[in-house]
Structures are given as C-alpha cells and as structure tokens.
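Novice:
Residue numbers (this note's numbering): 15 to 355.
1) Can you tell me whether DSSP reads residue 25 as helix, strand or coil?
2) Which one of 89, 170 and 174 has the shortest CA to CA distance from residue 125?
3) DSSP three-state label for residue 174, please.
4) Just checking my contact of residue 65 with residue 211 at CB under 8 Å: how many whole Å lie between their CB atoms?
5) Which term fits residue 122, buried or exposed, when burial requires 16 or more other beta carbons within 10 angstroms of its beta carbon?
6) Based on Cα-Cα distance, which residue from 153, 89, 140 and 120 lies nearest to residue 73?
7) Whether or not the stretch 243-252 and the stretch 28-38 are in contact is what I'm after, with contact meaning three or more pairs of Cβ atoms, one per stretch, closer than 8 Å; do they touch?
8) Report the three-state DSSP secondary structure of residue 269 (helix, strand or coil).
9) Give the DSSP-derived three-state secondary structure of residue 348 in the structure shown.
10) Does residue 163 come out as helix, strand or coil in the three-state DSSP assignment?
11) List the DSSP bridge partners of residue 210.
12) If contact is defined by three or more beta carbon pairs under 8 Å, each pair taking one atom from either stretch, is the stretch 284-296 in contact with the stretch 311-321?
13) Within 8 Å, do at least three Cβ pairs link the stretch 104-113 to the stretch 186-196?
14) Can you tell me where the beta strand (DSSP E) holding residue 33 begins and where it ends?
15) So what's residue 258 in DSSP terms, helix, strand or just coil?
16) Hey, is the stretch 48-60 in contact with the stretch 216-232, meaning 3+ C-beta pairs nearer than 8 Å?
17) Can you give the Cα-Cα distance for residue 322 and residue 151, rounded to whole angstroms?
18) Tell me which residue opens and which closes the alpha helix (DSSP H) that residue 293 is part of.
19) Taking the beta carbon of residue 285 as the centre, do at least 16 other beta carbons fall within 10 Å, making it buried, or is it exposed?
20) Between the stretch 232-241 and the stretch 73-86, are three or more C-beta pairs nearer than 8 Å?
21) Can you name, in chain order, every residue of its own chain whose Cβ lies under 8 Å from the Cβ of residue 265, other than the five neighbours on each side?
22) As a quick exercise: from 207, 59, 253 and 34, pick the residue whose alpha carbon is nearest that of residue 127.
23) Could you pull out every residue in the same chain whose Cβ sits closer than 7 Å to the Cβ of residue 118, ignoring the five residues on either side in sequence?
24) Check this for me: beta carbons of residue 280 and residue 299, under 8 Å apart or not?
25) Which residue marks the beginning of the alpha helix (DSSP H) containing residue 144, and which one marks its end?
26) At which residues does the alpha helix (DSSP H) containing residue 191 begin and terminate?
27) For residue 213, which of 278, 63, 28 and 19 has the nearest alpha-carbon?
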C-alpha cells in the first residue's frame with residue numbers, strides 16, 4: 015500500500031538553468047521561542063519529520079547527566095564529537111579512538127557501520143593504503159558516547175541500539191519530556207547509522223533547539239546538561255562538523271550567537287541564543303544543498319545577519335550548479351516569506 019503524507023508544505027526554493035526554472039523544492043519551517051510558542055513559519059509547522067542528526071545533542075544527554083564526562087575525563091573536543099556529523103578528518107578519528115580507549119572499548123564494539131569519510135567523498139583522494147573502518151562513520155562520536163553510557167551503567171554493549179535497550183529508552187523519554195509529547199505521538203525509525211531515530215512535529219523539534227540554544231547552568235538538570243554540550247559545540251565547531259562545512263562556518267560566524275546542526279535528507283536546526291529562538295527545517299525532497307540555502311534565508315529574514323555576514327555565507331546561501339567540466343550552468347535560489355504569528 016502506498017504510504018500517505020498529510021503535509022501542507024510550501025515552495026521554499028527553486029533551481030534555474032539558463033534563466034528557466036527547472037526544479038521546485040518544497041518544505042516547511044518552524045521558528046519557536048524557548049517556551050514553545052510558535053513565532054514564525056512557512057508551510058506546515060505541525061508536519062512530522064524525522065530529526066536525523068539534529069537529534070544528536072539530545073541523544074548525548076543521558077551520558078552527560080550521568081556525569082560521564084567527569085567519570086571518563088572527556089575534554090570539550092570529545093564532548094562536541096558526541097554531537098557530530100563529522101567529516102572523518104584526522105582530528106575526529108584521533109578523538110574517537112581516545113574515547114573508545116577511555117571507555118575500555120574497541121572499534122568493533124561500534125555498530126554504526128563504515129563509509130568513506132565526507133572529506134574524500136567530496137573530492138579528496140584517499141591515500142593508497144587508506145582503509146575506512148567504523149571510526150570514520152560520521153556518527154562514530156555519538157556511538158562512542160552510547161558505549162560510554164553503557165560502561166557507566168554496566169549495561170550490555172551487544173544490543174545498545176535496540177529500541178528496548180535502557181539507553182535508548184532513556185533517550186526517548188528525555189526527548190518526549192523536553193518536547194512535551196506523549197511517547198505515543200513520537201515516530202520511531204532507524205537512522206543511517208543504525209541507531210533509533212525520532213520523528214516529531216517540526217515545531218516541537220524547533221522547540222528542542224530553542225531550549226538547547228538557550229540552556230543555562232543555573233537551570234534544571236536537562237538545561238545544565240544541554241549547556242555543557244552547547245558550550246562544547248560553540249568552542250569546537252570543527253569537531254561536530256568539519257573544515258569547509260556549513261555548520262562549522264555558520265557557528266564560527268555567530269561567535270556564540272547560535273549553534274547550527276545539519277541532519278540528513280533536508281533537515282536543519284538552529285539554536286539562536288541572542289534571540290532565544292529555535293529553528294527547524296524539513297525540505298521535502300531532502301536536497302542538502304538547497305536546505306543549506308533555505309536555512310540561511312530563514313536566518314536572514316529573522317535579522318540574524320549583517321550584510322557582511324550574509325556575504326560570507328554566499329557559498330551556501332546562493333549555491334551555483336556546475337557541470338562536470340566546472341562550468342557554471344545554473345543556480346539554486348531560496349525564495350519564500352516567513353509568516354509571523
């Protein structure tokens with residue numbers, strides 16, 4: 015039976031070739047304040063979306079709340095790596111390896127699978143003797159954190175990704191609590207890295223990120239743990255992203271004003287500290303390049319950028335289409351208006 019999608023997305027961007035519209039990219043955006051109030055939107059902010067890698071900071075909360083950072087002596091770089099969709103650079107692999115050693119684990123204990131690192135998928139040539147293993151998976155930092163939690167609580171490692179495992183139940187309960195959702199209203203699926211993933215209304219995902227971006231050490235246990243992770247991500251954005259990546263560039267540009275996190279298949283989230291807001295985007299066709307342009311346009315419409323800031327992000331905000339000989343043959347354009355509530 016064909017699945018149904020009861021979404022009311024709107025057009026957010028288009029691609030042009032020689033002045034003609036070739037593709038239209040639809041989706042939805044939700045902008046929410048730290049109390050959960052919807053501030054602005056495009057499309058359908060109540061539509062569900064799998065959170066994909068934008069969930070990672072929240073998947074790390076049980077470890078932080080169990081004082082895993084202190085127990086194992088993790089530094090801020092390794093703390094940020096637990097929230098990472100990293101590029102598989104040497105700094106990432108070294109940090110994951112050190113974490114595994116601290117957790118008395120080895121690479122085969124990871125269950126995230128193996129893929130060629132992004133730094134090579136994007137055009138870099140791997141050395142002749144290069145052989146990827148699970149540490150090179152962009153989610154290996156998250157999985158290392160999972161293993162660390164299991165070691166802390168003397169839990170089995172073999173089934174740490176089962177939805178019924180104590181760790182995964184804690185993650186689901188934590189997200190449901192922060193999003194003020196009954197667990198029955200949460201979608202559960204399996205992510206590309208083999209871990210359980212959560213789907214929820216876009217406005218609730220934005221609320222998670224409003225809380226994350228505005229977490230304070232003098233708040234609740236949840237807020238204190240989020241503040242620890244947020245500060246690590248702000249201090250070392252290259253560790254949860256990579257050189258030449260939007261999350262790294264955008265977070266550095268913000269100088270503490272916001273945290274950006276990419277998710278697969280057109281999901282993007284921002285926690286905006288100065289404005290006390292969370293942003294969540296889902297692009298219906300999952301186009302990553304277009305999603306980058308759209309999230310930058312959302313921030314521009316929220317007056318987050320100076321003209322100089324916006325120009326510095328033009329690689330992602332106004333991406334061009336090139337053919338195989340490097341010739342510019344088209345462009346992607348984000349064009350929509352946020353509706354204020």
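Ideal Cβ placement from N, Cα and C applies to all residues, glycine included.
Specialist: Let's see:
1) Start at 1 with the first residue of the chain shown, and residue 25 comes out as number 11. Residue state for residue 25 is assigned as strand, using DSSP reduced to three classes.
2) Taking the chain shown and counting its residues from 1, one reaches residue 125 at position 111. Considering only alpha carbons, the answer is 174.
3) Translated into positions along the chain shown, residue 174 becomes position 160. Three-state result, residue 174: coil.
4) Your numbering for residue 65 matches position 51 in the chain shown. Your numbering for residue 211 matches position 197 in the chain shown. About 6 Å separates the two Cβ atoms, so the contact holds.
5) The count along the chain shown starts at 1 and reaches residue 122 at position 108. So residue 122 counts as exposed.
6) On the chain shown, residue 73 is found 59 positions in, with the first residue counted as 1. Nearest C-alpha to residue 73: 153.
7) no
8) Along the chain shown, one-based indexing puts residue 269 at 255. Correct three-state label for residue 269: coil.
9) The residue labelled residue 348 in the question sits at position 334 within the chain shown. Note: residue 348 maps to strand in three-state DSSP.
10) Taking the first residue of the chain shown as 1, we reach residue 163 at position 149. Helix, per DSSP.
11) Counting from 1 along the chain shown, the entry for residue 210 is found at position 196. Answer by DSSP bridge pairing, in chain order: 204.
12) yes
13) They do not touch, by the three-pair rule.
14) Residue numbering aside, residue 33 sits at position 19 when the chain shown is read from its first letter. Element bounds for residue 33: n/a, residue is neither H nor E.
15) Residue 258 sits at position 244 when you count from the first residue of the chain shown. Here residue 258 sits in coil by DSSP.
16) yes
17) What you label residue 322 is simply residue 308 of the chain shown in a count that begins at 1. What you label residue 151 is simply residue 137 of the chain shown in a count that begins at 1. Whole-angstrom Cα-Cα distance: 35 Å.
18) Translated into positions along the chain shown, residue 293 becomes position 279. From DSSP, residue 293 is part of no alpha helix (DSSP H) but of the beta strand (DSSP E) over 291-297.
19) Reading the chain shown from its first residue, position 271 is the one you call residue 285. With 16 or more other Cβ atoms inside 10 Å of its own Cβ, residue 285 counts as buried.
20) Yes, the stretch 232-241 is in contact with the stretch 73-86.
21) As a first step, residue 265 must be located in the chain shown, where it is residue number 251. Correct list, in chain order: 247, 248, 251, 255, 272, 273 and 274.
22) Within the chain shown, residue 127 is the residue found at index 113, counting from 1. Per the Cα distances, 207.
23) Taking the first residue of the chain shown as 1, we reach residue 118 at position 104. Closer than 7 Å at Cβ, skipping near neighbours: 165.
24) Counting from 1 along the chain shown, the entry for residue 280 is found at position 266. Counting from 1 along the chain shown, the entry for residue 299 is found at position 285. Yes, Cβ-Cβ distance for residue 280 and residue 299 is below 8 Å.
25) Counting from 1 along the chain shown, the entry for residue 144 is found at position 130. It is not in any alpha helix (DSSP H) - residue 144 carries neither H nor E in the DSSP assignment.
26) Reading the chain shown from its first residue, position 177 is the one you call residue 191. Where residue 191 is concerned, the enclosing alpha helix (DSSP H) stretches over 180-193.
27) Along the chain shown, one-based indexing puts residue 213 at 199. Of 278, 63, 28 and 19, the residue nearest in Cα terms is 63.
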